[in-house]
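Respectively, the protein sequence lines represent chains A and F.
Taken in order, the first sequence gives residues 1 to 155; the numbers are from full-length UniProt numbering.
Taken in order, the second sequence gives residues 1 to 155; the numbers are from full-length UniProt numbering.
Cβ atoms here follow ideal geometry from the backbone N, Cα and C, with glycine treated the same way.
Quantities reported herein were computed from a predicted structural model and do not represent experimental measurements.
Taking it in order: structure first as structure tokens, then the write-up.
There are 2 protein chains.
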Amino acid sequence: MNIGKAAAASGVSAKMIRYYESIGLIPEASRTDAGYRDYSDKDVHRLRFIRRARDLGFSVEKMSELLALWQDRDRASSDVKRIALEHVAELQRKARELQEMSETLAHLAGHCHGDSRPDCPIINELSEETGAEDKREVARPHFGATGLEPGRNRR
Amino acid sequence: MNIGKAAAASGVSAKMIRYYESIGLIPEASRTDAGYRDYSDKDVHRLRFIRRARDLGFSVEKMSELLALWQDRDRASSDVKRIALEHVAELQRKARELQEMSETLAHLAGHCHGDSRPDCPIINELSEETGAEDKREVARPHFGATGLEPGRNRR
DNA sequence: CTTGACCTTACCATTGTGGGAAGGTCTATA
DNA sequence: TATAGACCTTCCCACAATGGTAAGGTCAAG
Numbered sequence: 001m002n003i004g005k006a007a008a009a010s011g012v013s014a015k016m017i018r019y020y021e022s023i024g025l026i027p028e029a030s031r032t033d034a035g036y037r038d039y040s041d042k043d044v045h046r047l048r049f050i051r052r053a054r055d056l057g058f059s060v061e062k063m064s065e066l067l068a069l070w071q072d073r074d075r076a077s078s079d080v081k082r083i084a085l086e087h088v089a090e091l092q093r094k095a096r097e098l099q100e101m102s103e104t105l106a107h108l109a110g111h112c113h114g115d116s117r118p119d120c121p122i123i124n125e126l127s128e129e130t131g132a133e134d135k136r137e138v139a140r141p142h143f144g145a146t147g148l149e150p151g152r153n154r155r
Numbered sequence: 001m002n003i004g005k006a007a008a009a010s011g012v013s014a015k016m017i018r019y020y021e022s023i024g025l026i027p028e029a030s031r032t033d034a035g036y037r038d039y040s041d042k043d044v045h046r047l048r049f050i051r052r053a054r055d056l057g058f059s060v061e062k063m064s065e066l067l068a069l070w071q072d073r074d075r076a077s078s079d080v081k082r083i084a085l086e087h088v089a090e091l092q093r094k095a096r097e098l099q100e101m102s103e104t105l106a107h108l109a110g111h112c113h114g115d116s117r118p119d120c121p122i123i124n125e126l127s128e129e130t131g132a133e134d135k136r137e138v139a140r141p142h143f144g145a146t147g148l149e150p151g152r153n154r155r
């Protein structure tokens, strides 16, 4: 079957199938005389595996590991479990980070009148002078509370 | 002060300051005779504003809006609040998606022996044939359902 | 045989950030 | 004063994962 059919059958776009091939995540597809990529059911099976892993937030690199383990019928389940649990920890970390940002901002928004007047704790917080000047009365949950800043080197 | 000092004072890297200038988020800095960018305390203040907004997960585009509102002393606080709450919703959505992926995977890992034997429910789930049966109730965020995939983000 | 749907490769863009090279400048110290 | 080293400048490259588009070839149905 051609790439369009394989894409429809697997849920991975044709674009991404070519991309995965180009980076070596999947082997090069065989070609028809005309140069069209040709996929077997087995290939589609692998693509579905990839789609599911991707839906679970695995990176291409991790998917590569998982594919290798999948193909190795004798690997220990502990190897798979380790990768999975590492990924769970990573997902949790990211989710918590977003959650904390959300809560900080929701808190600020909760103190904002949200009317036609210009005074706004959200803006005040963002523009706050760390030094001397600019003393306001608003309740200010200082940023250090989020635990995000120390490691604000987001990749 | 030069860009290095401004970076240290604001928490925004010199690299990013130049980038923000290049995309028009901040105005072009004045220059010394030698061509060095020169920053005032006001400039640093703006950079700190930007850093804090970044820490709260705002995109450059949203920061641009916030900066405009910040500079407009007569804007209604409702305008700021609206942007903030939209962002809160976005953060919540992303956090929830990550959380769901995490839970699905943790659930699978919980059923994996994690020993030297090869049988592994995690791999089984990923490689399962959809044609056969599909009676799990795991959260699979099908594309289009979450609105996150179009830009599977995580910069 | 034409038409339209599909394939091919090869670029470009996205988002926000870092790395590095090649070359100019500033400053402190020998 | 000369020189080293820390800084600055611009410019280009890279990342992850995905979509878009253009130019051209192919296939199948009418």
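Closer than 8 Å to chain A by CB, residue i
i: R52 of chain F; result: yes
i: L47 of chain F; result: no
i: Q92 of chain F; result: yes
i: S30 of chain F; result: no
i: E133 of chain F; result: Caution applies to E133 of chain F, whose pLDDT of 34 falls short of 50 and renders its modelled position unreliable; the model cannot decide the point.
i: I17 of chain F; result: no
Minimum Cβ-Cβ distance from residue i to chain F less than 8 Å
i: Q99 of chain A; result: yes
i: I26 of chain A; result: no
i: G114 of chain A; result: yes
i: K42 of chain A; result: no
i: G4 of chain A; result: no
i: S64 of chain A; result: no
i: A95 of chain A; result: yes
i: M1 of chain A; result: no
Identified DSSP bridge partners for residue i
i: D33 of chain A; result: Note: D33 of chain A sits in no beta bridge, so no partner.
i: D38 of chain A; result: A:S30
Sequence-distant residues of the same chain with beta carbon closer than 7 Å to residue i, five excluded per side
i: G4 of chain A; result: A14
i: L69 of chain A; result: R75, D79, V80
i: A7 of chain F; result: S13, A14, I17
i: T32 of chain F; result: D38
i: Y36 of chain A; result: N2
Close Cβ partners of residue i (< 8 Å) along its chain, the five nearest in sequence each way excluded
i: H113 of chain A; result: D119, C120
i: F58 of chain F; result: L66, H87
i: residue 166 of chain A; result: An answer regarding residue 166 of chain A cannot be provided, because it is not within the stretch 1 to 155 covered by chain A.
i: I23 of chain F; result: V60
i: P27 of chain A; result: E21
i: L105 of chain A; result: I122
i: I83 of chain F; result: K62, E65, L66, L69
Beta-carbon neighbours of residue i, restricted to chain A and to distances below 7 Å
i: D33 of chain F; result: Residues of chain A passing the Cβ test: none, with the nearest at roughly 30 Å.
i: S77 of chain F; result: C112, H113, G114, D115, R117, P118, D119, C120
i: A14 of chain F; result: The contacting residues do not exist; A14 of chain F stays about 14 Å from chain A at best.
Proximal chain F residues relative to residue i, where beta-carbon distance stays under 7 Å
i: V80 of chain A; result: C112, C120, I122, I123
i: V88 of chain A; result: S102, L105, A106, A109
Contact set between residue i and chain A, taken where Cβ atoms lie within less than 8 Å
i: P74 of chain F; result: Residue identity check: residue 74 of chain F is Asp in the sequence provided, not Pro. Neighbours of D74 of chain F on chain A, chain order: P118.
Same chain, Cβ closer than 6 Å to residue i, five either side skipped, listed in chain order
i: M1 of chain A; result: Y39
i: M101 of chain A; result: none
i: L108 of chain A; result: P121, I122, E125
i: G151 of chain A; result: In this predicted model, G151 of chain A has a pLDDT of only 31, less than 50, meaning its place in the structure is not dependable; the value taken from the coordinates is given anyway. Closer than 6 Å at Cβ, skipping near neighbours: no residue.
i: R48 of chain A; result: S10
Beta-carbon neighbours of residue i, restricted to chain A and to distances below 9 Å
i: residue 164 of chain F; result: Beyond the ends of chain F as shown, which are 1 and 155, falls residue 164 of chain F; an answer cannot be given.
9 Å Cβ cut-off: residues of chain F touching residue i
i: A8 of chain A; result: Within chain F, no residue comes near A8 of chain A; the closest Cβ sits about 13 Å away, beyond 9 Å.
Heavy atom of the ligand PLP within 7 Å of residue i beta-carbon
i: Y39 of chain A; result: This structure does not include the ligand PLP; it has no bound ligands of any sort.
> Can you give, in chain order, each stretch of the alpha helix (DSSP H) that sits fully within the segment 69-114 of chain A and has at least 4 residues?
Replying inline: 77-110
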